[in-house]
Amino acid sequence: MRPIITVQDLSKRYKLGQREVGYQTLREVLVKAVSGSIEGVRSRLNRRYPQNFADEESELWALRDLTFEVQRGEVLGIIGRNGAGKSTLLKILSRITEPSSGRVELYGRVGSLLEVGTGFHPELTGRENIFLSGAILGMRRKEIARKLDEIVAFAEVSRFIDTPVKRYSSGMFVRLAFAVAAHLEPEILLVDEVLAVGDQAFQKRCLGKMGDVASEGRTVVFVSHNMASIEALCNTCLFLSEGQFVAKGQTHEVVSRYMTTDLPPESASVSLSAHSGRRRGSRPMMNMVTLRDDTGTPTGAIRMGSSLSVAVSFACDAGPILPGLGVVLKNAHGVAIFTVTEGLVGGNSVENRVASGIVSCALDNPPLLPGRYSFDLYLGDTSGARDVLDVVSDAISFEVQAADVFGTGQVPAPHNSLIYWPARFAFTNGATQRDEVEHGRLNRG
Amino acid sequence: MTFAENPPAFEEPTVNDYRPSSQGGGAPGHSEIPQRPLVVIKSGRRWTSLNLRELWAHRDLFYFLIWRDVKVRYKQTVLGVMWAILQPLLTMMIFTFLFGHLARVPSDGMPYPIFVFAGLLPWNFFAAAVDNSSNSLVGNSALITKVYFPRLVIPSAAVGAALVDFGIAFVILFFMGVHYNIGLSVGMLMLIPLIVQMTLFAVGIGIRMSALNVKYRDVRHALPFLINVWMYATPVIYPVSFIPDRLRWILVLNPLVGIIEGFRSAIFNRPFVWSHLVTSFVIVIAVLLYSLYSFRSMEKSFADII
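One line per chain: the protein sequences are A and B, in this order. In terms of this note's numbering, the first sequence opens at residue -15 and continues consecutively. In terms of this note's numbering, the second sequence opens at residue 2 and continues consecutively.
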């Protein structure tokens, strides 16, 4: 069977801090001589804007020599860490950006959903936005009019359909925006991590809707960090690492390979200065993270139920800050178990701005099941606008080893649950309960 | 003992049913995969065709973008679209007072208020269209980085939105014509091609400026100034005859001269200066083609540099 998408030797190169190489005319050279000096002044003025920090870096391969095929009806998940090139790939497939080299052939109409609410205007009503957003996503006016009722019902906003969306709650906004996109009928649907928004019940319905799309023989390419939704939705998976092909195959196999190979090995401390998980646009300030167990010893593994602390050292070239640390603990599926920030729990001991130092966060007896976990780290300036300055995903990972936390010799199994929880069971004499039931019956009768 | 080996919660039979192996010859109701790809994506097409067919396929989007711009502009205003009438009307009154009464600028024998308004109407359209259009790509950067559609739709829709205001302001011209007892004439039919020519010129300048603005935000600062200067190089407040003969050919290189002169000839039923009109038309088409092709060759990098 012939594939519906073929990708051959696809590469995308970004020139960091400069514009993309390519066409250049005499006029542009002349303009550049002038604008070069303007840009120099501007970059000095705008030191706080992150896009300028990588000026010295020459180029970055977001994708390199990628080759694969997608069959019709395939629901392909694309997995990989931050910066692996997943989003760049989707942007090329949806023709938003052009590859530097290589070739893609698409044998079907493409619809892409890279963001929820693309083209929504806050001043317009729900109904008006359905038409606008539908047209932007590539629907014809008649098609939208025909599906209008269905879209409104799916989004559950019928009462507010003639209210400007700026008065919507964020939940209503997301539901309406997704409802429009979910009613696209392309042969190839490209979806970026858009299901991360919205409440649980709605996410489930979206997954269901996407499942419907797949059942109609349409092809879906889906990017997510959440292994649970990848496994629920995709039959095949493509695993990228640093812009390059690692594996493609059945979801279970590829996901387990991703989870065993793509996390950094557990160790007590990891250098963050040139960490591959650093989010694009960050200002590299965190340079080392260290995990310690309840005795204060650096470690890459703890026992279930024992305490853990995370210490991050940082140095800030651009001037002193009031450091605030945010920590997201994720399991091996990429599911966030909890998020704590200094602003949330309080107790920042730093009173004056500092240019460097160590911020640490103690986690008392986290109820984690055996398995591998990783931390996303956020460092920000808590003075003023609470800017997040530096973000590193999967900065460090560690292992939780099975332990007899309940004192019964039984270890809770990590199926189907994210954490364990201490509990007490009690027994009440059966006769008493029967009495109560009968008493109740008497009352009712 | 990982989820991957034993994922009871996520094992949904509905998903398994759609594996390609069980897909067979494709789902019913869907045509076979075409022999040739619908879309080929590769780099290095420096000289792309205009691809007007694709533009036509997105005409609904064009309509909705114009509609959004017009609708949003007058949302939460008390006077609403009255602004589209008030602005040129007040400008006309001020100009009539300053240039007609105080400076005594000649108007080739036409009543100065309607003379200046016949110039202001196309000029205001042009200035607003170019201004809207040049900022349109940057203003819609969220769309450009998230969805694909022919990028030309955005700056052209911005011109379209200005055309709506032009249409509303045109009503004033009608009432002024009645007030000054200007009879209907066949020459007024010339207004139609003149409006088309004026629109094409605004599109030509607008799309070029919008593309430049993506790369060099200097455009945003330079353009309002240039438009101001441009107005004085255009016979809005004075007639073409005001310029000495030997300098007139330079003036005529500005396509708006032919257009505005044409507007006045059509309204006052006077002979058209065809040489000016043709010069204007040729320059408009040249500008438009140049802008379209340069836009096409720049548009693929928009998402990366915006």
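Built from N, CA and C at the ideal position, the CB exists for glycine as well. Since this is a predicted model, take the numbers as computed values, not measurements.
Runs of alpha helix (DSSP H) with 4 or more residues, each lying fully within the region 39 to 111 of chain A, are found at 70 to 77, listed in chain order. Close CB contacts of A:Val230 within its chain, under the 6 Å cut and outside five residues either way in sequence, are with Phe223 (chain order). Per DSSP, the unbroken beta strand (DSSP E) holding A:Phe223 starts and ends at Thr220 to Ser225. Taking all protein chains shown into account, B:Ala130 has 16 or more neighbouring C-beta atoms within 10 Å of its C-beta and is therefore buried.
Nearest CB-CB separation between B:Pro151 and chain A: not below the 8 Å threshold. By the 16-neighbour rule on beta-carbons within 10 angstroms, A:Asn210 is buried.
Three or more beta-carbon pairs separated by less than 8 Å link the region 153 to 170 of chain A to the region 120 to 131 of chain A, which places the two stretches in contact.
Ranked by Cα distance from B:Asn214, the first of B:Leu138, B:Ala158 and B:Asn52 is B:Leu138. Taking every protein chain shown into account, the CB of B:Met83 has fewer than 16 other CB atoms within 10 angstroms, so this residue is exposed. Less than 8 Å divides the Cβ of A:Ala119 from the Cβ of B:Asp61. The criterion of a C-beta distance shorter than 8 Å is not satisfied by A:Leu108 and B:Arg74.
The CB of B:Leu90 never comes closer than 9 Å to any CB in chain A; the least such distance is about 26 Å. DSSP, reduced to helix, strand and coil, places B:Ala158 within a helical segment of the structure shown. Within the region 82 to 110 of chain A, Glu82, Pro83, Ser84, Ser85, Gly86, Arg87, Val88, Glu89, Leu90, Tyr91, Gly92, Arg93, Val94, Ser96, Leu98, Glu99, Thr102, Gly103, His105, Glu107 and Leu108 place their CB atoms closer than 8 Å to a CB of chain B, listed in sequence order. For the region 45 to 78 of chain A, residues whose beta-carbon sits nearer than 8 Å to a beta-carbon of chain B comprise Gln55, Arg56, Gly57, Glu58, Val59, Lys75, Ile76, Leu77 and Ser78. For the pair B:Val283 and B:Pro194, the Cα-to-Cα distance works out to about 14 Å. Cβ-Cβ separation between B:Ala212 and B:Met299: approximately 5 Å, consistent with a contact (criterion under 8 Å). The shortest CA-to-CA distance from A:Asn349 to any of A:Val343, A:Tyr404, A:Met243 and A:Gly284 is the one to A:Tyr404. Minimum Cα-Cα distance from B:Phe264 among the listed residues B:Thr235, B:Met93 and B:Leu192 corresponds to B:Leu192.
Among the residues of the region 263 to 279 of chain B, none has a Cβ less than 9 Å away from any Cβ of chain A.
For A:Pro307, the enclosing beta strand (DSSP E) has its first and last residue at Pro307 to Asn315. The criterion of a C-beta distance shorter than 8 Å is satisfied by A:Met243 and A:Ala316. According to the DSSP assignment, A:Phe229 belongs to the beta strand (DSSP E) that extends over Gln228 to Gln234. According to the DSSP assignment, B:Gly140 belongs to no beta strand (DSSP E) but to the alpha helix (DSSP H) extending over Tyr113 to Gly140. In this structure the region 54 to 68 of chain A does not lie against the region 144 to 153 of chain A, because fewer than three pairs of beta carbons, one per stretch, are closer than 8 Å. Within chain B, no residue has its beta carbon less than 9 Å from that of A:Ala299; the closest one is some 31 Å off.
Listed in chain order, the beta strand (DSSP E) runs fully inside the region 32 to 102 of chain B are 40 to 43, counting runs of at least 3 residues.
Secondary-structure assignment with DSSP links A:Ala285 through a beta bridge to A:Glu383. Interface residue (Cβ-Cβ distance to chain A less than 8 Å): B:Leu144 is classified as such. Where A:Phe359 is concerned, the enclosing beta strand (DSSP E) starts and stops at Gly355 to Asp365. At a beta-carbon threshold of 7 Å, none of the residues of chain B lie near A:Phe382; the nearest stands roughly 16 Å away. According to DSSP, residue pairing for A:Arg276 in a beta bridge involves A:Pro282 and A:Ser293. Leaving aside the five residues that flank B:Val285 on each side, the residues in its chain whose CB is nearer than 8 Å to its CB run, in chain order, Gln198, Leu201, Phe202, Gly205 and Pro256. Separation of the CB atoms of A:Gly364 and A:Val372 is rounded to 4 Å, and the pair is thereby assigned contact status at 8 Å. For B:Asp132, no Cβ of chain A is located within less than 8 Å of the residue's own Cβ. At least one CB of chain B lies nearer than 8 Å to the CB of A:Arg124.
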